[in-house]
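Numbering (my numbering), first residue to last: 636 to 773.
Think of the CB as a built atom: it goes at the ideal place given N, C-alpha and C, for glycine as much as any other residue.
These figures come from a predicted structure and were not determined experimentally.
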């Protein structure tokens with residue numbers, strides 16, 4: 636692998652995240668909200684194909700990757716910002732499936748008032764593999 640899969644290939648200067656702490660009750664904490672903002676595969680698949688090339692992955696099978704949001708939709712991450720998306724492998728020790736569990740725990744903590752939305756976003760953006768420890772959740 637050319638790059639560690641914990642980081643996106645592009646970094647946006649000012650990603651346009653959705654929601655603020657004051658709106659979590661009508662956005663990220665509403666069951667099913669992410670389906671209303673998730674971009675279609677017709678948008679994400681070309682990014683995934685290019686990202687596989689950009690990362691230099693030897694496995695070029697698109698089914699082996701998820702075009703994932705660094706700051707997840709569950710935390711109001713920018714849905715269509717290429718700097719918030721990258722092809723995350725479904726295999727290895729740190730996978731898209733592993734990150735999904737981290738995302739859910741962070742969202743649940745934000746919605747319970749255990750941590751702020753800003754703290755959750757910062758922790759997952761910095762390094763999703765340590766986000767739970769950094770925020771004191773896990």
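When secondary structure is reduced to three states using DSSP, residue 653 falls in the coil class, being assigned neither helix nor strand. Unbroken beta strand (DSSP E) stretches of 3 residues or longer found wholly inside the segment 662 to 732: 700 to 704, 720 to 724, given in chain order. With contact defined as three or more Cβ pairs closer than 8 angstroms, the segment 744 to 764 and the segment 702 to 720 are in contact. Taking residue 704 as reference, the option from 673, 681, 741, 663 with the minimal CA-CA separation is 673. Straight-line spacing of the CA atoms in residue 706 and residue 741 works out to 11 angstroms. If you draw a straight line from the Cα of residue 659 to the Cα of residue 771, it comes to about 20 angstroms.
Using a Cβ distance threshold of 8 angstroms, residue 681 and residue 699 do not count as a contacting pair. DSSP places residue 761 in the uninterrupted alpha helix (DSSP H) bounded by 752 to 762.
At least 8 angstroms separates the beta-carbon of residue 745 from that of residue 731.
For residue 770, the enclosing alpha helix (DSSP H) covers residues 766 to 770. Non-local C-beta neighbours of residue 734 in its own chain, meaning closer than 6 angstroms and more than five positions away in sequence, comprise 763, ordered along the chain. Taking a 10 Å sphere around the C-beta of residue 726, we find fewer than 16 other C-beta atoms and assign the residue as exposed.
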